[in-house]
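Chains as they are written, first to last, in the numbering used here: chain A, 596 to 868; chain B, 4 to 297. Glycine residues also receive a C-beta, built at the ideal position from the N, C-alpha and C atoms. First comes the structure, then the notes that go with it.
Now the structure itself:
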């Protein structure tokens, strides 16, 4: 399925280029609009580049709106999601490298929860947190999202491939179980964990639904919940809306572009043919 | 002593995750099934003794609820239009990426993947601006070629298509990578043999490429289908289900019942209907694949 000549190559390149333009257009428009003043954003015909670029909307986000609070909350969630990733990795290791009583049953529970759509557990999880008095609290926002069954499954698949002899040798040398886990297993699992760290960061930075359900007060809002609120309250201030969106999107874009090699090329699709 | 320690080690590793998973993922399934047969609402939350067991009443009521039926109809439209579009567009992108030079392929892979890592709320806010009837970029571009302004989010039917267009734009990333990996794993000699036989490009596409990646296609179709059945954030942020419930989806309906009207029992019942639809749709896919293999 190679291309026959330069003419065909030019067509394919053009199509990809136009597609790429369409994909990036909303982002470009978002960033450019966020730098226009309130009047210019609504001008018809619209300007492409801001006449007098201004950062007033960004300043507004932090002075008149509570984006500083949202940012801190989001970073707290990001931090704990990394703790969650550690717990997932431990579980993946436990399931992948140990024989113990009840292993099949526990692993079946993990697999089962993987298949249940979020909408089914949404309401009862809220009721459980309510019983525990954890609604409208940071703990309530963090706890339900800490463990991801799919990640446990993925990490277990990797752990299974680590040779038992390696672990046994370390035990014979007198290494403790925790030492083995942190000094031997985690370094070995680096390739898969690197991808997981990035995806976990992106996922928790973007977390929306659960904070929205649990947080009743602005002091607990995350960036995405705060942004949805901003849109409701400043319906026609598009410059401000675009600044809020840019503030959410750009950090993820930067991290993704730096680490894209790990995600795009290290994407684990082995076994899918 | 050492032996005893070794017996406890695996539990030490799995227990934190397993306990949290049991409380926040497994227990909810049972609770959900339980309350879907009750009239639990905000009053029931405060005082458990006011909760009544009402059998299948919630389910009967759901199928007489106009908003629920409308949401279900909308969800089917999302799936019927959105899934083929999402699968085909990610396949076409992967197919084209395979044809071009390495650096172009890598660069455009990143560009096409970007929408799927960005925040859905931010995306929805940006697209609401683009779709704005008066000030939006899309209608301005239409006016340049003398076309009338389109009510992107104001007309119930067009609004559905607008949400689908945005969701397809956002969803290409992962499917594209899966297709690309599958394309790269097809042995070159198949094509060389086809060349010797004088097969043209379309014959190669339909006789070699597509059959060789039937598992990848199956996988992408099933995961895409499950994702689209749970369509939620797009209508939530952009239209809040409107106009006239024209963009309401099943997942949004469950959210509204559960958290806006605090009808927990009713919402849980609706979530089971959605769950059953997801299972049926998945089983249907498996069945179709089986009959294809024969």
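In this structure, residue 704 of chain A places its C-beta atom within 8 angstroms of the C-beta atom of residue 24 of chain B. No beta strand (DSSP E) of 3 residues or more sits fully in the segment 26 to 111 of chain B. Straight through space, the alpha carbons of residue 712 of chain A and residue 49 of chain B are spaced by roughly 27 angstroms. Here residue 58 of chain B is exposed: its Cβ has fewer than 16 other Cβ atoms, across all protein chains shown, within 10 Å. For residue 708 of chain A, the C-beta contacts it makes with chain B under 7 angstroms involve 24, 28, 29, in order along the chain. The three-state secondary structure of residue 139 of chain B, taken from DSSP, is coil.
When secondary structure is reduced to three states using DSSP, residue 265 of chain B falls in the coil class, being assigned neither helix nor strand. Linking residue 721 of chain A to residue 770 of chain A through their CA atoms gives a straight-line distance of about 43 angstroms. If you ignore the 5 residues before and after residue 120 of chain B, its C-beta comes within less than 8 angstroms of the C-beta of 176, all in its own chain and listed in chain order. At a cut-off of 8 angstroms between beta-carbon atoms, residue 667 of chain A makes no contact with chain B.
In the three-state reduction of the DSSP assignment, residue 724 of chain A falls in the helix class, which pools H, G and I.
Counting every other CB atom within 10 Å of its CB across the protein chains shown gives residue 669 of chain A a total of 16 or more, marking it as buried. If you draw a straight line from the Cα of residue 87 of chain B to the Cα of residue 761 of chain A, it is about 47 angstroms long.
Scanning the segment 175 to 254 of chain B for uninterrupted alpha helix (DSSP H) segments of 4 residues or longer gives 191 to 199, 204 to 207, 217 to 232, 236 to 241, listed from N- to C-terminal end. Contact note: residue 763 of chain A does not reach chain B at a C-beta cutoff of 9 angstroms; the least C-beta distance is about 12 angstroms. For residue 783 of chain A and residue 753 of chain A, the gap between their C-alpha atoms comes out near 10 angstroms.
Below the 8 angstroms Cβ cutoff, chain A contributes 608, 611 as neighbours of residue 107 of chain B, in chain order. Annotation for residue 652 of chain A: the continuous alpha helix (DSSP H) segment containing it runs 651 to 658.
Of all residues in the segment 792 to 805 of chain A, only 797, 800, 801, 803, 804 place a beta-carbon less than 8 angstroms from a beta-carbon of chain B. Taking each of A/780, A/776, A/643, A/620 in turn and checking the Cα distance to residue 631 of chain A, the smallest one comes out for A/643.
Between the segment 836 to 850 of chain A and the segment 140 to 151 of chain B there are fewer than three inter-stretch CB-CB distances shorter than 8 angstroms, so the stretches are not counted as touching. For residue 624 of chain A against residue 140 of chain B, the beta-carbon gap comes to about 6 angstroms, under 8 angstroms, which counts as contact. Collapsing the DSSP output to three states places residue 13 of chain B in a helix.
Burial is judged here by how many other beta carbons sit within 10 angstroms of a residue's own beta carbon; residue 77 of chain B has at least 16 and is buried. Burial state of residue 820 of chain A is buried, judged by a 10 Å Cβ sphere holding 16 or more other Cβ atoms.
Residues of the same chain with a CB within less than 7 angstroms of the CB of residue 645 of chain A, apart from the 5 flanking positions on each side, are 627, 630, 631, 635 in chain order. Between residue 76 of chain B and chain A, the shortest Cβ-Cβ separation is not below 8 angstroms.
Rounded to the nearest angstrom, the Cβ distance from residue 89 of chain B to residue 241 of chain B is 18 angstroms, too far for a contact under 8 angstroms. What residue 720 of chain A touches in chain B, judged by beta-carbon distance under 7 angstroms, is 27, 31, going in chain order. Contacts with chain A at 8 angstroms (Cβ-Cβ) include residue 16 of chain B.
Residue 635 of chain A sits in a helix when the DSSP states are folded into three classes.
Taken through DSSP and simplified to helix, strand or coil, residue 773 of chain A comes out as helix.
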